[in-house]
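Heads up, the thing below is written out as structure tokens.
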Amino acid sequence: MARRPSPDIAALVRGEVVPFDRIYFRCTPRLPSSGPRWGWLAGPILRGTGRRTPDAVHLDVFVVD
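For the sequence shown, our numbering assigns the number 3 to the initial residue and increments by one for each residue that follows.
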């Protein structure tokens, strides 16, 4: 079955800005590290939101206490 991109994806491909509430995502990043200097990054719970622009993906990541 062939699928066509949604109008919002097609707009991004054309270089148009799509409103944030139309294309966004949530994430839970993990940052494992084998080095002692960065080992503390493996402990906290991280939550993030993301949005697409025509030329990039923008992430905002927060530490959950």
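Ideal placement from N, C-alpha and C gives every residue a C-beta, glycine not left out.
Subject >> Coil, strand or helix - residue 63 by DSSP >> reply: Residue 63 sits in a strand when the DSSP states are folded into three classes.
**OP:** Identify whether residue 48 lies in helix, strand or coil by the three-state DSSP scheme.
**Re:** Three-state result, residue 48: strand.
Original post:
Between residue 9 and residue 32, what straight-line distance do the alpha-carbon atoms span, to the nearest angstrom?
Top reply: 32 angstroms
**OP:** Report all residues from its chain with a CB closer than 8 angstroms to the CB of residue 28; omit the five preceding and five following residues, and keep chain order.
**Re:** Excluding sequence neighbours, residue 28 sits near 49, 50, 51 and 52.
Original post:
How far does the beta strand (DSSP E) with residue 16 in it reach, from first residue to last?
Top reply: First-last for residue 16: undefined, no H or E at that position.
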